[in-house]
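Asks: Every letter in the sequence shown is one number past the one before it in our numbering, and letter 108, counting from 1, is 108.
Note that the Cβ used here is the ideal one computed from N, Cα and C, for glycine as well.
The structure presented is a predicted model; accordingly, all values stated were derived computationally and were not measured.
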Amino acid sequence: MTEQEFRAVYPLIAEWMQKTLAEQAAAARPVASLGFGRLAHYYDERTPASAKVVFVPKVPMPPLSAMGLDGFRNFEQMNAGGMTFFDTYFVRANHARDESLHFHELVHVIQWRHLGAERFLALYAGGPERFGCRKSPLEVIAFKLQHRFEREAQPFSVEAACQNLIQDMTSHGDGPAFSNRP
Numbered sequence: 001m002t003e004q005e006f007r008a009v010y011p012l013i014a015e016w017m018q019k020t021l022a023e024q025a026a027a028a029r030p031v032a033s034l035g036f037g038r039l040a041h042y043y044d045e046r047t048p049a050s051a052k053v054v055f056v057p058k059v060p061m062p063p064l065s066a067m068g069l070d071g072f073r074n075f076e077q078m079n080a081g082g083m084t085f086f087d088t089y090f091v092r093a094n095h096a097r098d099e100s101l102h103f104h105e106l107v108h109v110i111q112w113r114h115l116g117a118e119r120f121l122a123l124y125a126g127g128p129e130r131f132g133c134r135k136s137p138l139e140v141i142a143f144k145l146q147h148r149f150e151r152e153a154q155p156f157s158v159e160a161a162c163q164n165l166i167q168d169m170t171s172h173g174d175g176p177a178f179s180n181r182p
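#1: Within the same chain, show all residues whose beta-carbon is closer than 7 Å to that of Glu150, passing over the 5 residues directly before and after it, in chain order.
#2: For Ala25, which residues in the same chain have their Cβ closer than 7 Å to its Cβ, ignoring the five residues on either side in sequence?
#3: According to DSSP, which residues form a beta bridge with Lys144?
#4: Can you look up Arg59 in the DSSP assignment and give me helix, strand or coil?
#5: Tell me which same chain residues have a C-beta within less than 8 Å of the C-beta of Arg181, skipping the five on either side of it?
#6: Between which two residues does the alpha helix (DSSP H) containing Phe103 stretch?
#7: Give the list of continuous beta strand (DSSP E) stretches no shorter than 3 residues that lie fully inside the region 29-84.
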């Protein structure tokens, strides 16, 4: 994807996400209301209180190929357990009690908050083409922190760890890299 292609579709993606969030607003609930015991030890109080979750049978995926981004068909067809848009994430209902998945999606909430919508989407959009979906730099950060959550008994500040990893990523050139193709 070229930077020009991204700039052309960014408003369409953001609009689709806002529309999807508006349609699901009544079903959204604060993550803090789920009663997960460990999350409070990793996130500051405001993150689980302000972030929202919506349980759905199938996680909504932006229709990127319909927006002219044919290289994202695999991404669209992925049967993801969760997907984050801004401060709200969607989780397949059969994963509703998976605290580790909620941890992962909250990492994305922090990334959205730290980077802002346009920069988050630019980084995320460059990932699947360059690295594949799971090896996209923002996913690598989320999985790295999720693995720590699953394996380490000692809590850590996800906010600080996420900010450090984003800073490392962007300082090493793993930021949005758009192709030079016409």
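Replies: This is what the structure holds:
#1: Ser100
#2: none
#3: BP columns for Lys144 are empty, so no partner.
#4: Before going further, note that residue 59 is Val rather than Arg in the sequence given. The answer is coil: DSSP assigns Val59 none of H, G, I, E or B.
#5: For Arg181, the predicted model reports a pLDDT of 44, less than 50, meaning its position is unreliable; a value from the coordinates is still stated below. Setting aside the 5 residues that flank it on each side, Arg181 is surrounded in the same chain by Thr2, each with a C-beta closer than 8 Å to its C-beta; the list follows chain order.
#6: Glu99 to Leu115
#7: Runs of beta strand (DSSP E) with 3 or more residues, each lying fully within the region 29-84, are found at 52-56, listed in chain order.
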